[in-house]
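Heads up: the structure comes next, in structure tokens.
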Amino acid sequence: MSVATEAAHIRDLFDTIEELEAVASSLSEGDERRRRLDGVVAKTLRQAPPVRPVVAGELLDLTEKTVKAWAREGVLAIHSQEPRMLLDTVRLHEVLHLVSDLRRAGKTRGLIDEVHRRLSDQSLLDRPDLASSLDEMRSGKGRVVRSA
């Protein structure tokens, strides 16, 4: 399959995912329909085939060399290395969101550092122990600890 054809297929998949995410985000946090739509999005992305770096470059508007460097740095997740490098579609979708947001905000340089920072921040925010601690802090149950 040509790079253009493969990129078009993945772009169509991501457009569908974006529509589902938009509908889900229009529903309230506690709505069962939102949870179900989020599940459909996650399942669809997990079932999508891995993506070649050249195709990811097409989608991200980056060179294949840059995409491979981002993969080696851990910004893009490598699905497999042999017989050729293939990238995880779930992480590619997440990074595509971040890169698009950064470019809309006028950021064009140092994208890898900013994307890496945002992914790290999100992984911390996704931790249940941190969420619990933040809830305690917001409700005034926490205690102030100062170093000497």
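Using our numbering, the first residue of the sequence shown is number 1066, and each one after it goes up by one.
Note that beta-carbon positions come from the ideal geometry of N, C-alpha and C, so glycine has one too.
All values derive from a computational prediction rather than experimental measurement.
In the displayed model, serine 1093 falls within coil according to three-state DSSP, outside both helix and strand. If you look at serine 1067, you'll find it isn't in any alpha helix (DSSP H); DSSP assigns it neither H nor E. Counting along the chain, the unbroken beta strand (DSSP E) around serine 1145 starts and ends at 1143 to 1145. Secondary structure of leucine 1127 (DSSP, three-state): coil. The three-state reading of DSSP puts valine 1140 in coil, since its state is none of H, G, I, E or B. In this structure, valine 1116 lies away from threonine 1173, with their beta-carbon atoms at least 8 Å apart. In the three-state reduction of the DSSP assignment, valine 1116 falls in the strand class, which pools E and B.
Between the C-alpha atoms of valine 1068 and leucine 1110 there is a straight-line separation of about 20 Å. As computed with DSSP, leucine 1152 is found in a beta bridge with Val1116, Ile1143.
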